[in-house]
Structure formats: structure tokens, C-alpha cells
Amino acid sequence: MKTIQSVAGPIDVASLGKTLIHEHFLFGYPGWEGDASVAGQFDYKACIQAGLQMAEKVKAHGVKTIVDATPNDMGRNPTLLKEIAEKSGLNIICASGYYSEAEGASPYFKAWSKFGDGVKQIYDVFKKETTEGIGATRIKSGVLKLASSKGIITDYERMFFKAAALVSQEEGIPIVTHTEEGTQGLEQTDLLLSAGVDPKRIMIGHICGSTNMEYLLSILEKGVYIGFDRFGIEGIAGTPKDSRREACLIGLLGMGYTSQIMISHDWVNYWLGRQGVSAIISIVMPNWKPTHLFEDVLPILEKAGVKADQVESMLNENPRRFFAGS
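Read in my numbering, the sequence shown has 198 at position 198, and its numbers run on one by one without any break.
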């Protein structure tokens, strides 16, 4: 029996069921904590309540597991995730990782790396969090999260890729990535493969930010998974419309790549810092919600001829194989 780490403890990989591979129960850009004078203190109870409401919404569509891909420097809270998981009955897998140099908390390891081996320092974090637990919580991460900038993987970001590659090989931990506007997906793939990571343990995320089929195929041909995992995010920060994502996805499924694709929303359920963001987003991007796939996208795919077993693969079978490394 292959087990993987959820925030509530080890679970049988066969029990994952329908899985959303990249979501966020909470998320905050670095600096949110310093805004407490205006934004107010973090409302833990409100975040729990919002998380339980989200859990019930997705469970109504048969979802059993959510991968919370929030990096360490963007507000990750394993204790909160565990409480949501235990109260809702949802499997939640949390990540160890850091965001891109431009948008994450890069000064910390940029400074420390001047006084030692940055890759080793980051490796120590990833290793401890996946094998012993996160801080004093003893909650273990079940996935590694990496990110790169638009059009470049910086030297800073490469430290994390190298550290994650080592831990993935030693512990069998899968890796999910963040690509900015879908760029650098091929470079991420080559960097991880050249470092020895099993392609079955790699998912290149947010690749649906690109609608260049030649580019998408060049990544798939390497044998890795890709994430069409930003459904509902449309028209901001260079993101394409869902209709273009759907067209690309339908094309790739028709070309025989069903077994390498996973789908999700990259939904943020609770924003850390100043509130009111969700209300603005609901106007600017009304389709961005954790049930959008089931209510809107999958019916469109079905009408286009996508088979039920292909949907089953993207939501059930592929996540199971990704975590099993099979």
C-alpha cells in the first residue's frame, strides 16, 4: 500500500478520489502582516469557516482531495488546513516551497545564501518538512512547490529547483510548479529532469497560460504532467480566456495526452491582509470559483466530445498516479 502525507496524517494513495490539484484555502503576498494597522489582524475563525464552506461546495461535486499549493512565504498555515480537513472530511495535502523571486519573500534566502550554500539551506527545509513535519506542528508536506518568473528562471529560483530535485529523489515527493503566464515550462521541465527527477513526479503548473500548441506539446513529449489549473482566471496578468484554454485542452485530449493532464482553478478562498479583494474579483472574474470546472467547463468539454473516462483520468487517475509515482 502506497501512502502519502495529508495534513491529517498519512493516507492510502488509492483513497485520493476526485482531486483538485492546485488550489489555495488562504494566500497572502509578502507584506500583508505589516498592514495589520489598516487591514486588521488575521481572523482565524473566519478563515476556518470560509474553508469549511469551500469544502462543502466541492464535496457536493464529488471532490475528495485538494492539494493546497500555497508556498511557505505566501501565508501557508498547516494547522488551519488540518482543522479544515478534520472538520470537513476532505483530504488536504499541503506544500513545501517558495514563490518566485519577484513576488515572493526572496530577501530571506538571498541574504542567507551569501553566508553559506543556499541550495543546502533550502534542502534542509524541504527535507525536514516532508519527513519530520512543519515547525512544531508535526504536520508533513506531501508535495513540493516551485515557481519561476515571467520569461526567466532566476538564479535565486534555481536554488529551489535544485533543492527540490534532491528531496524528490530521496523521498519520492512529487513536485508542482508555478509558471508565470505559462512561460518557462519547458525550461522548468529540463531543469528538473537534468537534476534527476522522475518525470512521473513532475507537474508543470499554470501551463494553460500559454495557448501555443507546439510549446505545450514540447513539454508533454518529455513525459511530465501539465496543469490546466487556472480555469476561471481570465483577462488579467496575461491570462487567456477560458474558451482558449478549453480549445487547447480539447485538442491535447484528442491527440492522446489524457494521461498527462490534471485540471484545477488556482482558486484563493481567503486573502490575507486587507479584505474586499474577493468582492472585486467576483466582478472582474465572475467564473473564478472552486466549482467552476464542474458547473461550467466540464459540460463544454462534454459537448465537444470529451469522454467521461478522460475526465475521470484528469481528476482521479492522474492525481493518483502522480502521487504514487507510477
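Glycine residues also receive a C-beta, built at the ideal position from the N, C-alpha and C atoms.
Boundaries of the alpha helix (DSSP H) harbouring residue 118: 118 to 131, taken from the DSSP string. About 6 Å separates the beta carbon of residue 26 from that of residue 47, a gap short enough to meet the 8 Å contact definition.
Excluding five sequence positions before and after residue 211, the CB atoms of its chain that fall closer than 6 Å to its own CB belong to 240, 244 and 248, given in chain order. Excluding the 5 residues flanking it on each side, residue 323 has same chain C-beta neighbours closer than 7 Å at 4, 13, 16 and 174, in chain order. Within the same chain, Cβ atoms closer than 6 Å to the Cβ of residue 154 are found at 101, the five residues on either side in sequence being excluded. In the three-state DSSP reduction, residue 228 falls in the strand class (E or B).
In the three-state DSSP reduction, residue 23 falls in the strand class (E or B). Residue 97 is bridged by DSSP to 145.
Using a C-beta cut-off of 8 Å, the region 223 to 236 makes contact with the region 257 to 270, since at least three inter-stretch Cβ pairs fall below that distance. For residue 153, no beta strand (DSSP E) run applies, since DSSP gives it neither H nor E.
CA-to-CA, the gap between residue 32 and residue 41 works out to about 10 Å. Of the residues 160, 292, 277 and 87, the one whose Cα lies closest to the Cα of residue 58 is 292. Excluding its 5 nearest sequence neighbours in each direction, residue 126 has C-beta neighbours in its own chain below 7 Å: 96, 144, 163, 164 and 167, listed in chain order.
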